[in-house]
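One structure is given below, encoded as structure tokens.
In full-length UniProt numbering, the protein residues as written are 1 to 94.
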């Protein structure tokens, strides 16, 4: 059983690496839903779309040095939703 100290350290480490504006909300829900669907149904297409969501998050917000651009890095608080951007792009291009 994990001690309380180890659990607190683990939770603190996980929290320090997470940009809550990127890895929660519609981005996380969409990736989780697609990957779960793919796992339950052995659906390779759902797996592929789930991987694409995670790759889009990574390419948009993680630079080559490993630093994360937070949604409010410019001082303007906003949320960034890859799914919203993708939906908007798809609707305007058709």
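Built from N, CA and C at the ideal position, the CB exists for glycine as well.
Since the structure is predicted, the reported quantities are computational estimates derived from the model, not experimental observations.
By the 16-neighbour rule on beta-carbons within 10 angstroms, residue 31 is buried. Only residues of its own chain outside the window of five on either side were considered, and among them 50 have a CB closer than 6 Å to the CB of residue 35, listed in chain order. For residue 41, the number of other beta carbons within 10 angstroms of its own is below 16, and it is reported as exposed.
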